[in-house]
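Colleague: The structure's right below; bear with me while I get my questions together.
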Amino acid sequence: MAPLTLNTGTLQPLGDRLLVKVATKEEKTVGGIFLPDTAQEKPQVGEVTAVGPGTRNDKGTRVALEVKAGDKVLYSKYAGTEVKIDGVDYLLLAERDILAIVE
């Protein structure tokens with residue numbers, strides 16, 4: 062499935078979802094060999110740019126996400142929905158797809 066392409070504007074994730082700006086792919090090896098798109102590793106690191114309001118617990122109280130905008134995160138390799146905003150690659154992920162916050 063091709064990534065969804067959006068124009069300028071605000072994208073506000075819902076529930077426990079978050080928007081992550083994908084880190085750029087390595088296009089060249091350490092030895093200087095250029096890699097075609099098919100040989101490049103899919104990035105698993107990015108920066109959170111927007112977060113949803115969180116989920117509700119059994120009592121109906123909103124539970125905020127542990128991740129916040131500006132955090133650098135490590136996420137599951139094949140998680141999320143790819144979106145392109147103004148030519149920049151993003152992933153729309155659920156909080157459970159985040160493996161760690163990178164300090």
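Those letters in the sequence shown? Residues 62 to 164, by my numbering.
Just so you know, even glycine gets a beta-carbon here, dropped at the ideal spot from N, CA and C.
Short check: CB of Val112 to CB of Lys129, under 8 Å?
Modeller: If you number the sequence shown from 1, residue 112 lands on position 51. If you number the sequence shown from 1, residue 129 lands on position 68. Their beta carbons are under 8 Å apart, which means Val112 touches Lys129 by this criterion.
Colleague: Hey, could you find the ends of the beta strand (DSSP E) Thr142 is sitting in?
Modeller: Translated into the one-based positions of the sequence shown, residue 142 becomes position 81. 142-146 is the span of the beta strand (DSSP E), which, as asked, contains Thr142.
Colleague: Determine whether the beta carbon atoms of Lys103 and Val149 lie at a separation below 8 Å.
Modeller: Working through the sequence shown from its first residue, we reach residue 103 at position 42. Working through the sequence shown from its first residue, we reach residue 149 at position 88. Taking 8 Å as the Cβ cut-off, Lys103 and Val149 do not qualify as a contacting pair.
Colleague: Could you have a look at Asp158 and say whether DSSP puts it in helix, strand or coil?
Modeller: The residue given as residue 158 occupies position 97 in the sequence shown. Looking at Asp158 - three-state DSSP - the assignment turns out to be helix.
Colleague: Does the Cβ of Glu164 lie closer than 7 Å to at least one heavy atom of the ligand PLP?
Modeller: Absence of the ligand PLP is noted for the structure shown, with no ligands found whatsoever.
Colleague: When burial is assigned at 16 or more other CB atoms within 10 Å of the CB, is Gly131 buried or exposed?
Modeller: Residue numbering aside, residue 131 sits at position 70 when the sequence shown is read from its first letter. It counts as exposed.
Colleague: Could you check what DSSP says for Asp150 in three-state terms: helix, strand or coil?
Modeller: Sequence index remark: in the sequence shown, residue 150 carries index 89 (1-based). Residue state, collapsed to three classes: strand.
Colleague: So the candidates are Ser137, Lys133, Val163, Leu126; which of them puts its Cα closest to the Cα of Arg78?
Modeller: Within the sequence shown, the letter at position 17 stands for residue 78. The residue with the shortest Cα to Cα distance from Arg78 is Leu126.
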